[in-house]
Amino acid sequence: MRYIPNTSADQREMLASIGVSSIEELFADIPESVRNRFQPLNLPARSEMEVASVVSEMADRNKPTDAICFLGGGIYDHYVPSVVGNLLSRSEFVTAYTPYQPEISQGTLTAMFEFQTYVCELTGMDIANASMYDGATAMAEAVLMAERTRKRGAVAVPRSLFSHVRRALDTYCWATDIEIHEIGYLPDGTVDLELLPEQLSAVVIQTPNAFGVIESLEGVKDRIGDALLIVSCHPLSLALLQPPGAYGADIVVAEGQSLGLAMGYGGPLLGLFAARQEHLRQMPGRIAGRTVDVDGKTGYAMAAQTREQHIRRHRATSNICTNSALCALASTIYLSSAGSAGLKQLAALNLEKAHYLADGITAIEGYELAFTGDFFNEFIVNVPGNAAVIHDALVQAGFAVEEPQALQSLGLDNALRFAVTERRTKDELDRLIEVLGGSR
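With this note's numbering applied, the sequence shown corresponds to residues 839 to 1278, in that order.
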């Protein structure tokens, strides 16, 4: 009973009440080829203490977590100020649920509204929702939103999109019969818009892209006709760069992990989603709004919530039934504590340290930047010899670096990607350069 929530008698009673005699009969409609994939584990019966001991032994096999992190590709090793965790752990935030009743949810709604305000200020857009699961699903939902708006059954997506975002997008588009046209890239690493097909619902641009290269958004909106322009961005880079809204973007999405969330072995994450006012009714998720009560006092309420939990399913803009509220609150606290000047300083540190490392690496014979375009805090280097061997040498020296196989889907066969944040010290950067110099 420690691990099984019902007895055999309970199971028989439940099966009888729905008119089947066994578990096998219950699942008989599932093809046998699928059912055969899932075989009983046949685990021996053990006490909780024994199970805890086995799990601890398994956990001890993990690699040490004290490696110096140069991992990137969408999730980055930024410093999270202690104020974020201290405020986030307060019980009224941790236990808060969906604010269905605004009269008792003013704290939650206020935090959601402030988060939306920050997202709009960062992206230069009119409206933002109260967050989504992560940057990948935010991108997929943006494409679905564009298709609802234009109804042309096709979108253009750059090859230089993060691979995990592309996989999520492929799944969504496959399920909704949206055709994906892949756009290539130029020698400088920027997207090639010369041969765009006609009759697109949207064109997707990611900046900085999977190569770390900053895309120029100047004039892109004019070149794509009346297709919607969807921009995926690194939110921290917006402290230094012009926001996508200034270039006519229709929808802006981002992974918000860089704003106050730890890497956490890949989660939890935070999807940012902003759009033009005219697209409000097609936006997924929910939006908190500011109003006044009967006494004229400021109050907050759910202003829009076009998700299937609230309206008829066939009219819903999304079946994602929640938002990453606690993660969004973490980002709100992070942005509030940093302020505009602090955020700009953080972005500058990322930029400067990444360029310092890039200069040091490319000074070594045989190493060169894969692309000539400007980059923010991430870049790709073509390496001499075998990239896998060089990667292993870096790992042995105590550096966490992405495996070179991860770049093959982007057309890079012998390269390494490095991401640098404000946490990396000059000594760490110099040591990595030294290891690369001796690994040729």
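No residue lacks a Cβ here, since even glycine has one placed at the ideal position from N, Cα and C. Bear in mind that the values here come from a model prediction, so they are computed numbers and not experimental data.
Query	Result
Whole-angstrom C-beta distance between V1221 and L1254, which should lie under 8 Å	6 Å
Secondary structure, beta strand (DSSP E): runs of 3+ residues fully inside the stretch 1203-1247	1216-1220
Anticipated Cβ contact below 8 Å, Q954 with I1125, distance rounded	7 Å
Contact set for E985: own chain, Cβ-Cβ below 6 Å, skip 5 residues either direction	I1016 and S1039
Length of the line joining the Cα atoms of N967 and Q1243	36 Å
Beta-carbon proximity of Y1010 to V981, cut-off 9 Å	yes
Rounded straight-line distance, which links the Cα of T1129 to that of G1123	20 Å
CA-to-CA distance, P1082 to G962, given in whole angstroms	6 Å
Q1044 versus T1200, L1033 and V1029, residue with shortest Cα-Cα distance	V1029
Alpha helix (DSSP H) runs contained entirely in the stretch 1027-1065, provided each spans 4 or more residues	1058-1061
Of the residues G1275, I1271, A1225 and R1269, the one placed nearest D1251, counting alpha carbons only	A1225
CA nearest to the CA of G1249, picked from G1236, V1239, I1218 and L1274	I1218
Residue nearest to G1105 in terms of C-alpha spacing, selected from L1245, S1247 and S1162	S1162
Three or more C-beta pairs below 8 Å linking the stretch 921-933 and the stretch 1134-1141	no
Nonlocal neighbours in the same chain, by C-beta distance under 6 Å from L1184, ignoring five residues either side	E1260
Nearest candidate by alpha-carbon position, reference I1052, set F1213, D1265, I868 and S871	F1213
Residue environment, Y1205, which counts as buried when at least 16 other CB atoms sit within 10 Å	buried
Alpha-carbon spacing of P1280 relative to F931, whole angstroms	Nothing about residue 1280 can be reported from this structure: the residues present for the chain run from 839 to 1278 only.
Residue(s) in a DSSP beta bridge with V1130	T1136
Reduced DSSP category for Q849 - H, G, I as helix; E, B as strand; rest coil	helix
Distance, L1076 Cα to G1063 Cα	26 Å
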